[in-house]
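Novice: From first to last, the protein sequence lines are chains A and B.
Throughout, our numbering is defined as the position within the first sequence, counted from one, plus 198.
Throughout, our numbering is defined as the position within the second sequence, counted from one, plus 198.
There are 2 protein chains.
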Amino acid sequence: MKKYIGIDLGGTNVRVAVVTEDGEILAQLKSPSYAKEGREKVFNNMIDLIKQLPGWQECAGVGAGVPGPCNQVTGSMMLDTNLPGFKDFPFAQAMTEALGIPSYIDNDANVAGLAEALLGAGKGLPIVYYVTLSTGIGGGLVIDGKCVSGKHGFTGEIANIIIDRNREKINYLAKGAVENEASGTAITRKVKALLGEGAVRHAGDVFQLATEGNEKAKMIADQAIGDLAQLFATLAAAVDPDCFVLGGGLMASADYFMEPMIEKYKEITHEALHDTQFFRAELEEPGILGAAMIPRSRGH
Amino acid sequence: MKKYIGIDLGGTNVRVAVVTEDGEILAQLKSPSYAKEGREKVFNNMIDLIKQLPGWQECAGVGAGVPGPCNQVTGSMMLDTNLPGFKDFPFAQAMTEALGIPSYIDNDANVAGLAEALLGAGKGLPIVYYVTLSTGIGGGLVIDGKCVSGKHGFTGEIANIIIDRNREKINYLAKGAVENEASGTAITRKVKALLGEGAVRHAGDVFQLATEGNEKAKMIADQAIGDLAQLFATLAAAVDPDCFVLGGGLMASADYFMEPMIEKYKEITHEALHDTQFFRAELEEPGILGAAMIPRSRGH
Numbered sequence: 199m200k201k202y203i204g205i206d207l208g209g210t211n212v213r214v215a216v217v218t219e220d221g222e223i224l225a226q227l228k229s230p231s232y233a234k235e236g237r238e239k240v241f242n243n244m245i246d247l248i249k250q251l252p253g254w255q256e257c258a259g260v261g262a263g264v265p266g267p268c269n270q271v272t273g274s275m276m277l278d279t280n281l282p283g284f285k286d287f288p289f290a291q292a293m294t295e296a297l298g299i300p301s302y303i304d305n306d307a308n309v310a311g312l313a314e315a316l317l318g319a320g321k322g323l324p325i326v327y328y329v330t331l332s333t334g335i336g337g338g339l340v341i342d343g344k345c346v347s348g349k350h351g352f353t354g355e356i357a358n359i360i361i362d363r364n365r366e367k368i369n370y371l372a373k374g375a376v377e378n379e380a381s382g383t384a385i386t387r388k389v390k391a392l393l394g395e396g397a398v399r400h401a402g403d404v405f406q407l408a409t410e411g412n413e414k415a416k417m418i419a420d421q422a423i424g425d426l427a428q429l430f431a432t433l434a435a436a437v438d439p440d441c442f443v444l445g446g447g448l449m450a451s452a453d454y455f456m457e458p459m460i461e462k463y464k465e466i467t468h469e470a471l472h473d474t475q476f477f478r479a480e481l482e483e484p485g486i487l488g489a490a491m492i493p494r495s496r497g498h
Numbered sequence: 199m200k201k202y203i204g205i206d207l208g209g210t211n212v213r214v215a216v217v218t219e220d221g222e223i224l225a226q227l228k229s230p231s232y233a234k235e236g237r238e239k240v241f242n243n244m245i246d247l248i249k250q251l252p253g254w255q256e257c258a259g260v261g262a263g264v265p266g267p268c269n270q271v272t273g274s275m276m277l278d279t280n281l282p283g284f285k286d287f288p289f290a291q292a293m294t295e296a297l298g299i300p301s302y303i304d305n306d307a308n309v310a311g312l313a314e315a316l317l318g319a320g321k322g323l324p325i326v327y328y329v330t331l332s333t334g335i336g337g338g339l340v341i342d343g344k345c346v347s348g349k350h351g352f353t354g355e356i357a358n359i360i361i362d363r364n365r366e367k368i369n370y371l372a373k374g375a376v377e378n379e380a381s382g383t384a385i386t387r388k389v390k391a392l393l394g395e396g397a398v399r400h401a402g403d404v405f406q407l408a409t410e411g412n413e414k415a416k417m418i419a420d421q422a423i424g425d426l427a428q429l430f431a432t433l434a435a436a437v438d439p440d441c442f443v444l445g446g447g448l449m450a451s452a453d454y455f456m457e458p459m460i461e462k463y464k465e466i467t468h469e470a471l472h473d474t475q476f477f478r479a480e481l482e483e484p485g486i487l488g489a490a491m492i493p494r495s496r497g498h
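1. Heavy atom of the ligand ATP less than 7 Å from the Cβ of Leu317 (chain A), yes or no?
2. Answer with buried or exposed for Arg494 (chain B), where buried requires no fewer than 16 other C-beta atoms within 10 angstroms of its C-beta.
3. Using a Cβ-Cβ cutoff of less than 8 Å, which residues in the same chain neighbour Ala419 (chain A) once the five nearest sequence positions on both sides are dropped?
4. Quick check: is the beta carbon of Val346 (chain B) nearer than 8 Å to any beta carbon in chain A?
5. With a threshold of 7 Å on Cβ separation, who are the neighbours of Gly485 (chain A) within its own chain once the five nearest residues in sequence on each side are excluded?
6. Return the residues of the region 344-371 of chain B that lie within a Cβ-Cβ distance of less than 7 Å from chain A, sorted by chain order.
7. Of all the residues that make up the region 426-440 of chain B, which are near chain A by a beta-carbon distance shorter than 8 Å?
8. Using a beta-carbon distance cut-off of less than 9 Å, what residues from the region 255-287 of chain B approach chain A?
9. Name the chain B residues whose beta carbon is nearer than 8 Å to that of Leu471 (chain A)?
10. My guess is that Ala450 (chain B) and Gly402 (chain B) are in contact by the Cβ rule of under 8 Å, so how many angstroms apart are they, rounded?
11. Pull out every residue of the region 449-467 of chain B whose Cβ sits closer than 9 Å to any Cβ of chain A, in chain order.
12. Tell me the rounded alpha-carbon separation between Thr353 (chain B) and Leu224 (chain A).
13. Could you check whether the region 229-239 of chain A touches the region 274-283 of chain A, counting it as contact only if at least three pairs of C-beta atoms, one from each stretch, sit closer than 8 Å?
14. How do the region 320-336 of chain A and the region 426-443 of chain A stand: do at least 3 beta-carbon pairs fall below 8 Å, yes or no?
15. To the nearest angstrom, how far is it from the Cα of Asn243 (chain A) to the Cα of Ala490 (chain A)?
16. Hey, quick one: how far does the beta strand (DSSP E) through Leu529 (chain A) stretch, first residue to last?
17. Would DSSP call Ala315 (chain A) helix, strand or coil?
18. Between which two residues does the beta strand (DSSP E) harbouring Ile385 (chain A) extend?
19. By DSSP's criteria, Phe476 (chain B) is part of a beta bridge. Which residues make up the other side?
20. Taking 6 Å as the limit between beta carbons, can you name the residues of its chain near Asn358 (chain A), skipping five residues before and five after?
21. From Asn369 (chain B) to Phe476 (chain B), what does the alpha carbon distance come to, in whole angstroms?
22. Determine the DSSP secondary structure at Lys344 (chain B), reduced to helix, strand or coil.
23. When you compare the CB of Ile418 (chain A) with every CB in chain B, is at least one pair closer than 8 Å?
24. Please go through the same chain and pick out, in chain order, the residues whose beta-carbon is closer than 8 Å to the beta-carbon of Met199 (chain B), but skip the five residues on each side of it.
25. Anything in the region 308-335 of chain B with a Cβ closer than 7 Å to a Cβ of chain A? List those residues in chain order, please.
26. Measuring only the C-alpha atoms, how far is Trp254 (chain B) from Val340 (chain B)?
27. Which same chain residues, not among the five before or five after Thr333 (chain B), have their C-beta less than 8 Å away from its C-beta?
28. Just the Cα atoms here: how many angstroms apart are Pro300 (chain B) and Lys321 (chain A)?
29. For a minimum of 3 consecutive residues, which ranges assigned as the beta strand (DSSP E) are wholly contained in the region 270-337 of chain B?
30. Could you check whether the Cβ of Lys474 (chain A) sits closer than 8 Å to any Cβ belonging to chain B?
31. For Gly338 (chain A), count neighbouring C-beta atoms within 10 Å of its own C-beta (all shown protein chains included) and say buried if the count is 16 or more, exposed if not.
32. In chain D, what lies closer than 9 Å to Ile205 (chain A) by C-beta?
33. Name the chain B residues whose beta carbon is nearer than 8 Å to that of Ile341 (chain A)?
34. Is the CB-CB distance between Tyr302 (chain A) and Ala315 (chain A) below 8 Å?
35. Going by Cα to Cα distance, which pick from A:Leu323, A:Ile423, A:Met276 and A:Met293 is closest to Thr474 (chain A)?
36. How would you call Met467 (chain B), buried or exposed, if buried means at least 16 neighbouring beta carbons within 10 angstroms?
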């Protein structure tokens, strides 16, 4: 059975693993990523870590999930907010040269989507739209087992989709952008404004308060549910995927919001789209598994 | 050079042609489609017409553009509003049997998008999102030279994307659906409500009035421009295409709205997406050319 090297490179930690083609992790190592010490340190530390993995030399390909959009033609990151110095660095090529194995990169949401499409909740379905609902909102589109990355690596960068233009301007995103209205950060912000700074720590607390009958928390939660329903209705019209796979921290409260969200989705979509499936993400390690699946998806 | 049969089957007329693989029409015939006389008449008339085309037997494949979403697995139409009796009829298979040539169907907007992606304004670009701005609003997504049709044949059925939920409910579409706000029909409806039934015949008149300085026409036109900008910003976030190709009757007024629409698009998108290209559709016969390109896109 073929094996691949998967890398989950974040601003804080880096994890590397040897993964079989059907998603079994055979060996895994973790280290700080040393993002503040500059690109060379980050890169060399990552390569050293890989070379400590038993069996790394027999791997058929290398994939890295990185925090930001990537250019698939140059194999480089297009923004390096979380990994200073990596913008336009020929990342994939440098890995290929350092390891002697064909290497690829893609952003972490695309990679998680690829994992769920090939190994997880969307396995076997032609079009999978993965959406991560967390402190932010992101996603990835996988068609026929391959990530669609887009001209700018922005496919699935759905944070800025406007779901109601009549909301407040919050930050650099557009007025009414879904990330400012229905992300964990947004829900928490809104409830704090109504109930006080100490009322909730995160979106999980908001859904808990709503469950307990707090009317203000319920109002904010219900607004977010409507906003998310509109996001999915929009994506269904634009792409018509076989399924949505939902991941991210907000899914801890899925029992609260999934069902009413899907009901609301049906209210605003054509009936032909009502049987589009909404799955909860299944994998515990989508980052590293999805990274390892990039070379598989490219025919290695 | 390979040749294909292209069919443009509408509710009123049917056109059939022999088309070379690079888009030259060698022969073409037209007839009423006889939609009101039932499926058998429509189908047999179309096959008879094809068999009158010189060289039809040497064609490597057949493609038909039809008015409505299609199931690519069964090769059938999923809705038959404009062609009664065709819902769930194994259309592609029936053509394959009648002609002895591999046959495919897809909806007319997808087919027009395929033509523009392979032969027209989007030629050579990996991801083309075609949008038709006409009495209605529709579209098609072409990735790596193949139409993405979607689970329900609804990819690109963008009419129902909500661009402002605070508008009036007009019809079966969702409140604030882009087709009810920025299509030719919508723009005309709004100006008639302000200036009287006889003030304008179609959207072209609205843009003409706006050009001449009519403030109310200008207000409606500008609202539509903002609405369309938001539609494109949404599609860019969901898919990140290399380009949008814009077709349909509204493009006769493109000189009025394209430039301000793109400016508005930039205001509400991440700067990385600002160089996404907006092209005017180039082909005079996208329906029949795109239909002929379906078998080419499937490897025939």
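Where a beta carbon is used, it is the ideal one built from N, C-alpha and C, also for glycine.
Specialist: According to the structure data:
1. Questions concerning the ligand ATP fall outside what the structure shown contains, since it holds no ligand whatsoever.
2. One-based indexing of the second sequence puts residue 494 (chain B) at position 296. Buried, since its Cβ has 16 or more Cβ neighbours within 10 Å.
3. Locating residue 419 (chain A) in the first sequence gives position 221, where the first residue counts as 1. Closer than 8 Å at Cβ, skipping near neighbours: Ile385, Val404, Phe405, Ala408, Tyr454 and Phe455.
4. Start at 1 with the first residue of the second sequence, and residue 346 (chain B) comes out as number 148. Closer than 8 Å to some Cβ of chain A, the Cβ of Val346 (chain B) qualifies, so yes.
5. The count along the first sequence starts at 1 and reaches residue 485 (chain A) at position 287. Cβ neighbours of Gly485 (chain A) beyond the five flanking positions: Asp206, Gly263, Asp306, Val309 and Ala310.
6. Val346, Gly348, Lys349, His350, Phe352, Thr353, Glu355, Ile356, Asn358, Ile359, Ile360, Asp362, Arg363 and Asn364
7. Gln428, Ala431, Thr432, Leu433, Ala434, Ala435, Ala436, Val437, Asp438, Pro439 and Asp440
8. Pro267, Met276 and Leu277
9. The residue given as residue 471 (chain A) occupies position 273 in the first sequence. Ordered by position in chain B, the residues that pass the 8 Å Cβ test against Leu471 (chain A) are His350 and Phe352.
10. Locating residue 450 (chain B) in the second sequence gives position 252, where the first residue counts as 1. Locating residue 402 (chain B) in the second sequence gives position 204, where the first residue counts as 1. That pair is a contact at about 6 Å.
11. Glu465, Ile466 and Thr467
12. The residue given as residue 353 (chain B) occupies position 155 in the second sequence. The residue given as residue 224 (chain A) occupies position 26 in the first sequence. Each residue's alpha carbon lies about 39 Å from the other.
13. With the cut-off at 8 Å, the region 229-239 of chain A and the region 274-283 of chain A touch.
14. yes
15. For the purposes of this step, residue 243 (chain A) is taken as the residue at position 45 of the first sequence. For the purposes of this step, residue 490 (chain A) is taken as the residue at position 292 of the first sequence. One C-alpha to the other measures close to 19 Å.
16. The displayed coordinates of chain A run from 199 to 498. Any statement about residue 529 (chain A) would go beyond what the structure contains.
17. Locating residue 315 (chain A) in the first sequence gives position 117, where the first residue counts as 1. Note: Ala315 (chain A) maps to helix in three-state DSSP.
18. Here residue 385 (chain A) refers to the residue found at position 187 of the first sequence. Premise fails: Ile385 (chain A) lies in the alpha helix (DSSP H), Gly382 to Leu393, not in any beta strand (DSSP E).
19. For this step, residue 476 (chain B) is matched to residue 278 along the second sequence. In the DSSP output, where bridge partners are listed per residue, Phe476 (chain B) has B:Phe442.
20. The count along the first sequence starts at 1 and reaches residue 358 (chain A) at position 160. Residues of the same chain with a CB within less than 6 Å of the CB of Asn358 (chain A), apart from the 5 flanking positions on each side, are Leu371, Ala372 and Ala375 in chain order.
21. Looking up residue 369 (chain B) in the second sequence gives position 171. Looking up residue 476 (chain B) in the second sequence gives position 278. Rounded to whole angstroms, Asn369 (chain B) to Phe476 (chain B) spans 30 Å at the Cα level.
22. Translated into the one-based positions of the second sequence, residue 344 (chain B) becomes position 146. Note: Lys344 (chain B) maps to strand in three-state DSSP.
23. Residue mapping note: residue 418 (chain A) aligns to position 220 of the first sequence, counting from 1. So no, Ile418 (chain A) is outside the interface.
24. The residue given as residue 199 (chain B) occupies position 1 in the second sequence. The residues are Thr218, Glu219 and Asp220.
25. Ile325
26. Against the second sequence, residue 254 (chain B) aligns to sequence position 56. Against the second sequence, residue 340 (chain B) aligns to sequence position 142. Each residue's alpha carbon lies about 27 Å from the other.
27. Here residue 333 (chain B) is taken as the residue at index 135 of the second sequence, counted from 1. Taken in chain order, the residues that qualify are Ser381, Gly382, Thr383 and Gly447.
28. The residue labelled residue 300 (chain B) in the question sits at position 102 within the second sequence. The residue labelled residue 321 (chain A) in the question sits at position 123 within the first sequence. Distance between the alpha carbons of Pro300 (chain B) and Lys321 (chain A) is about 30 Å.
29. 301-305 and 325-331
30. Position 276 of the first sequence, counting from 1, holds the residue named residue 474 (chain A). Contrary to the premise, residue 474 (chain A) reads as Thr rather than Lys in this sequence. Output row for Thr474 (chain A): interface = yes.
31. Within the first sequence, numbered from 1, the residue matching residue 338 (chain A) stands at position 140. Label assigned to Gly338 (chain A): buried.
32. Among the chains of the structure shown, chain D does not appear; the protein chains present are A and B.
33. Taking the first sequence and counting its residues from 1, one reaches residue 341 (chain A) at position 143. Residues of chain B passing the Cβ test: Ile341 and Val346.
34. In the first sequence, residue 302 (chain A) corresponds to position 104, counting from 1. In the first sequence, residue 315 (chain A) corresponds to position 117, counting from 1. No.
35. Taking the first residue of the first sequence as 1, we reach residue 474 (chain A) at position 276. When each option's Cα is compared against that of Thr474 (chain A), the closest is A:Leu323.
36. Residue mapping note: residue 467 (chain B) aligns to position 269 of the second sequence, counting from 1. First, the amino acid is wrong: residue 467 (chain B) is Thr here, not Met. Buried, by the Cβ-count rule.
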